[in-house]
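J.: Can you read through this structure? Questions will come right after.
Residue numbers (the working numbering): -9 to 835.
Dropping the structure here:
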């Protein structure tokens, strides 16, 4: 928090905003006073308020809303300050910009923090919101605070509940008993994405996760798996698209039914049905529901012990290619449907219940894991794909053959070519799959690693799930005219293993909406990602009470034009939001296929120790004290200058002095009396050239999110302006243009000092942030001369200066006239002289 005495001193020096006619130049540079003054002025004037204006192109700029964990640190500032700068730039380019903000307020972290402090989650959350709102306003952003949305507000989660009901009506919300990931410390289920690391620990508290069978609510996200793999309508980073593609994990192949000797059907999915004749054993996941049934009495003890061992391992550990393969024979057998061979059934930890069907056919001749397993346990190896010119022998093979060849030992398919192509592009896979379908023992299939979205949480601090259970009529949604189902304040919110709402004496009791008889509310709450999947819609009309958003606002502002935030959300929030939008589209609630057109990810600001900023690690840097010392603009510009925005890096508090010094030099240039004298025409022409070259560069960099080079370009231009000032350029037409354009370029990145210089030093009409972005004068920006390096046989030997419009022949002539080139040529003619893109002269001897 900013020390109170410093605030009071700064406020005492704040001068009222003066009109153009009464503006008084003042050399005193007091950033804190200046920032308080202009922030108050902008807020009073509603300068950042966004309203529908059909005469202007819209630009919906969205940055990921912060979670209400407490104070903001520079990890929060890093995505927001540059995003704000770009939103300001777009507004100056004539766009009607919506740049809203809100708070992600429900969920485990807030509840856990409240439990730790012994206060109610609601009290803790809203106290944090008040503090974070203050800090965000200190940042000087152009957020439209009239559109603030808080996901824990009743008027917000009423519509979260309404959305759940719409998905339920559409058949996308369902309840089932399943093995779920459970955090024994937080006493709640976790989504797949919230289990992290090789040791499978809880994302929030680091506790090892266990499996537990519970009735849970899910969304059928897998219904949209194929559509989620299509990115043709969005401009998103390739890395995000790759992460989502791999997370969904689509693979083509065949579904084949094996039958156990006890008569049970076992469906397996394989991407290589052409290797079915090489299946010499089956492997079940230790968690497969048939394991207990098929295991013989003689093998039961070994199987049970192995199941316990497997449960202690993470999925990553179990699937590791270099991990020694282990397993146990169940004593049972299955029949291979393509050749009626009797094959043993094993359990092994490298087969996961969460992928495919939890059972595989093992083809050791053509799969490395199966091969290692077969060799360890002396199981048969039968090659069925033979490479050209090599005769494989299962007894002597030293490794699995996983590449192309010709089918052998495969009945009617001997001689069929098997390529490295995947799916039906492989002639062997295509032929065998069609044969399986004709025989009725298999069919073409697609499998996904992606799973339906588990949204149930056995916690208090979340949006209630608006469902009612009746012994006669089962599950039905709460009637919409009875929404919202509100959270009770008088609840035991500390974790017990049961939902706190379930323990409330009266809250869960209600009546069936079908028959009116006594019934029970769902006592689980929703995953907080449900709330953050639609907050961009609530920003459109946060106080609208006839629906989740005003249709007129939606039609004007959507889709989001630019979304900024961390890549760590690629397989959670970003994927959930895309699914949610598509589900709402199909329900007729929204239009379009994608919610966000463009996405850009910032890097991560690390602590000064090189680790990610975290309160638990004690390396969090609070902005408040540094704002008090240097001012907001210095911090904003440091965050943009110190790192390439897409990369980030370790924080260095000492580095702020550099941008603070630059801003002081900017202030001095504009406020100190100019040097007397008259600059030459050449000086003024060079100044104008540098200004328009910088403008061209800054404009391009804003479009491409290259904030660090925006700041460095402005720093370089400032040096040129000081030189021109000392040469007597001040007061000239070129100087006046330079100062005006400099402040306009400065305005998005350092909005407070720019406003002060524009209004009270240049005496221009308020506000600089409503001025049009300047246009580059390409003629003025053009260089008279250019410098080109000369390479001789690949090594730079000299540099020449030529006219900017010199022809290639003129450039070659000047290059060959160089004394350095003559020396290396030793009187000989060069083989070639190449002018490469007017950037390089290459002489080949």
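Glycine included, every Cβ here is placed at the ideal spot set by N, Cα and C.
1. Does the distance from the CB of residue 256 to the CB of residue 350 come in under 7 Å?
2. Would you report the Cα separation of residue 239 and residue 144, rounded to the nearest angstrom?
3. Decide yes or no for the touch test of the region 36 to 45 against the region 633 to 643: beta carbon pairs closer than 8 Å, at least 3 of them.
4. With contact counted as at least three CB pairs below 8 Å, one residue from each stretch, are the region 242 to 249 and the region 397 to 416 in contact?
5. Buried or exposed: residue 104, going by 16 or more other Cβ atoms within 10 Å of its Cβ?
6. Assuming residue 179 contacts residue 157 under a Cβ cut-off of 8 Å, what Cβ separation, rounded to an integer in Å, is found between them?
7. Please say whether residue 509 and residue 627 have beta carbons closer to each other than 7 Å?
8. From 828, 261, 656, pick the residue whose C-alpha is nearest to that of residue 751; which is it?
9. Taking 6 Å as the limit between beta carbons, can you name the residues of its chain near residue 12, skipping five residues before and five after?
10. Going by the beta-carbon positions, is the gap between residue 170 and residue 206 smaller than 7 Å?
11. In angstroms, rounded to a whole number, what distance separates the CA positions of residue 27 and residue 564?
12. Here's the rule: buried if 16 or more other CB atoms are within 10 angstroms of the residue's CB, otherwise exposed. What is residue 833?
13. Three or more C-beta pairs under 8 Å: does that hold for the region 471 to 489 against the region 424 to 437?
14. Determine the closest residue to residue 320 out of 295, 613, 529, 330, with distance taken between C-alpha atoms.
15. For the 8 Å Cβ check, are there 3 or more pairs between the region 192 to 201 and the region 427 to 442?
16. By Cβ distance below 6 Å, which residues in the same chain neighbour residue 437 in space, the five residues on each side in sequence not counted?
17. Can you tell me where the alpha helix (DSSP H) with residue 358 in it begins and where it stops?
18. Tell me whether the region 119 to 137 and the region 43 to 63 touch, counting them as touching only if at least three CB pairs, one residue from each stretch, are closer than 8 Å.
19. Could you check which residue in 86, 520, 780 has the C-alpha nearest to that of residue 163?
20. Report the CB separation of residue 75 from residue 697 in whole angstroms; it is logged as a contact under 8 Å.
21. For residue 102, which three-state DSSP category applies?
22. Just curious, the alpha helix (DSSP H) that residue 422 is in, first and last residue?
23. Assign residue 541 to buried or exposed, taking buried as 16 or more other Cβ atoms, counted over all protein chains shown, within 10 Å of its Cβ.
24. Going by the CB atoms, is the gap between residue 764 and residue 731 shorter than 7 Å?
25. Can you tell me whether residue 505 is buried or exposed? The criterion is at least 16 other CB atoms within 10 Å of its CB, across all chains shown.
26. Thinking just about the alpha-carbon of each residue, which of 737, 774, 449 is nearest to the one in residue 77?
27. Is residue 658 buried or exposed, if buried means 16 or more other CB atoms sit within 10 Å of its CB?
28. Just reading off the beta strand (DSSP E) that residue 118 is part of, what are its end residues?
29. Return the CA-CA distance between residue 225 and residue 588, expressed in angstroms with no decimal places.
30. Does the beta-carbon of residue 10 have 16 or more other beta-carbons within 10 angstroms, so that it is buried, or is it exposed?
31. To the nearest angstrom, report how far apart residue 553 and residue 526 are at their CA atoms.
32. Is the region 474 to 483 close to the region 273 to 287, with three or more CB pairs under 8 Å?
33. Counting Cβ pairs, one atom from each stretch, are 3 or more of them under 8 Å apart for the region 373 to 381 and the region 325 to 345?
34. Compare the C-alpha of residue 594 against each of 616, 556, 618, 130 and name the closest.
35. Closer than 6 Å: is that where the CB of residue 650 sits relative to any heavy atom of the ligand NAD?
36. Which residues share a DSSP beta bridge with residue 166?
T.: Walking through what the data contain:
1. no
2. 38 Å
3. no
4. yes
5. buried
6. That belief does not hold up - the Cβ atoms of residue 179 and residue 157 are roughly 19 Å apart, past 8 Å.
7. no
8. 656
9. Residue placement at residue 12 is flagged as unreliable, the pLDDT there being 34, under the threshold of 50; the coordinate-derived value follows with that caveat. Same-chain partners within the cutoff: there are none.
10. yes
11. 38 Å
12. buried
13. no
14. 295
15. no
16. 241, 259, 346
17. 358 to 367
18. yes
19. 520
20. 7 Å
21. helix
22. 417 to 429
23. exposed
24. yes
25. exposed
26. 737
27. exposed
28. Note, residue 118: premise wrong, no beta strand (DSSP E); alpha helix (DSSP H) at 111 to 128.
29. 5 Å
30. Legend: pLDDT at residue 10 = 36, less than 50; position of this residue unreliable, value from coordinates given subsequently. Exposed is the call here.
31. 10 Å
32. no
33. no
34. 556
35. By its list of ligands, the structure shown contains no ligand whatsoever, and the ligand NAD lies outside what it can speak to.
36. 206
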